[in-house]
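Take 1 as the starting number for the sequence shown in UniProt numbering and just add one per residue.
All residues carry an ideal CB built from backbone N, CA and C; glycine is no exception.
Remarks on the structure that follows.
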Amino acid sequence: MTVIISGISTLLALGPGAEMLARWPVAWLSSWMVAFPTVLIVLPIVRRLVSRIVVTP
């Protein structure tokens, strides 16, 4: 998912071309380095909130 989002963002910022292809891997790596730890931190919090809201049968 991060590769798609970073690709679209890089394409919109730079337009199609060689520079876009050269910068895309760097954009993907930096977005992945932020997204993965964020999910690890946020997911348990969201699970607790959902378990308080939703009644399980």
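Item: W24 vs G7 beta-carbon contact at 8 Å; Value: yes
Item: Within 8 Å, strictly: CB atoms of T10 and M20; Value: yes
Item: Backbone CA spacing between V46 and T38 [nearest angstrom]; Value: 12 Å
Item: Euclidean distance between Cα positions of R48 and F36; Value: 19 Å
Item: For T10, three-class secondary structure by DSSP; Value: helix
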